[in-house]
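In the working numbering, the protein residues as written are 2 to 79. Structure record follows, encoded as structure tokens.
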Amino acid sequence: MIIGNTAKDSNKYKAKKTRKECEVSSGAFAAVSDEELVSDIVRYANRRLQRLMAEDWSRYRTVCELLENFFRGLTEAK
């Protein structure tokens with residue numbers, strides 16, 4: 002390829018191909034509403050807390066107290 006002066010073309014082709022494979026179009030992800038996002042976060046947190054409650058009650062209680070204090074601080078800040 003070097004002798005035939007085609008190596009340069011081959012590298013450009015590979016670079017373009019790699020770039021296209023790595024590019025993500027802006028339409029790849031569907032728009033999610035705020036309500037759906039909050040619902041997903043709550044479900045995830047709930048699953049994690051349920052597992053923690055079953056495995057380590059003391060830690061579960063500490064986490065719940067920290068969450069309560071955090072959210073109380075948010076409501077008082079308004």
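Every residue, glycine too, gets a C-beta built ideally from N, C-alpha and C.
Alpha carbon of Ala-32 to alpha carbon of Leu-38, nearest angstrom:
10 Å
Three-way DSSP call (helix, strand, coil) for Val-33 in this model:
coil
With DSSP run on the structure shown, which of helix, strand or coil describes Asp-41?
helix
Return the chain-ordered list of same chain residues with a C-beta closer than 7 Å to the C-beta of Ala-55, the five sequence neighbours on each side being excluded.
none
For Val-43 and Trp-58, I'd like the C-alpha separation in whole angstroms.
20 Å
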